[in-house]
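Just below is one structure, and these are the notes that go with it.
Protein chains in written order, with my numbering: chain D, 308 to 424; chain E, 2 to 111.
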């Protein structure tokens, strides 16, 4: 598609429950990124993929968080045993290339709002 | 990673030009200067980027200081739709990710 599509838009989970978010990148884009935005302005990079391979996972919490990008399927971000502090907007983004060059920008989806109660 | 400093907020009137400043005194020679904005309840949106020379596109202009330690995003005629948080980001050549700071919240009044 022509835009990064994220589902669901809103998700409410009780503490300890699992949450799974999905992302379909723009067609033709090889790189997928996940970001977490807690409060209004604080963005945190979580993980990126080059096709189905993990490209950079330096921001990914070691426990409870996992992500996948499988062929012919939307990418997913899963949080096991959610905690109150996981409440945030999770943004998926995609780009055609990883390297910074004059033609490469990152396109973001509208986000998935996770509320843990 | 080199950091950027932006004012927390700025105000403008509709139809007037807006100059959003960004300081990046520790920028390295291969860092690109990117600007993204986030409208309410939406994901970040690319605005413009540059390396050394000033840049223009349909959305805005980017003026980069000669020493590259600061830059200014220029919206030539602000509209209500331009009310957003604007992020000035240094994108390292060897890294693929964006590192967001706190940004500047732009308020536009009719």
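Positions of the beta carbon are idealized from the N, C-alpha and C atoms, including for glycine.
Remember, it's a predicted structure, so these values are computed and weren't measured experimentally.
One alpha carbon belongs to residue 352 of chain D, the other to residue 419 of chain D, and they sit about 15 Å apart. The bridge partners DSSP lists for residue 363 of chain D are D:355. Under the three-state reduction of DSSP output, residue 391 of chain D falls in the helix class. Of all C-beta pairs linking the region 385-396 of chain D to the region 4-21 of chain E, fewer than three are shorter than 8 Å, placing the two stretches out of contact. Closest option to residue 375 of chain D, judged by alpha-carbon separation, among D:344, D:423, D:340: D:340.
Residues of the region 68-86 of chain E with a C-beta atom less than 8 Å from some C-beta of chain D are 86, listed in chain order. Inter-residue distance for residue 334 of chain D and residue 402 of chain D is about 10 Å (C-alpha atoms, whole angstroms). E:51 is the residue among E:45, E:104, E:51, E:109 whose C-alpha sits nearest the C-alpha of residue 62 of chain E. When secondary structure is reduced to three states using DSSP, residue 81 of chain E falls in the helix class. Counted as a single uninterrupted DSSP element, the beta strand (DSSP E) harbouring residue 51 of chain E occupies residues 46-51.
For residue 320 of chain D, the beta-bridge partners assigned by DSSP are D:423.
The alpha carbon of residue 47 of chain E has as its nearest neighbour, out of E:82, E:89, E:111, the alpha carbon of E:89. Put simply, the CB of residue 45 of chain E is near chain D, with a gap under 8 Å to one of its CB atoms.
Secondary structure note for residue 375 of chain D: its beta strand (DSSP E) is the uninterrupted segment 372-375. Put simply, the backbone Cα of residue 338 of chain D is about 5 Å away from that of residue 356 of chain D. Close partners of residue 99 of chain E in chain D (Cβ separation under 9 Å): 340, 342, 350, 352, 400, 413. Residue 87 of chain E and residue 104 of chain E do touch by the CB rule: their CB atoms are close to 6 Å apart, below 8 Å.
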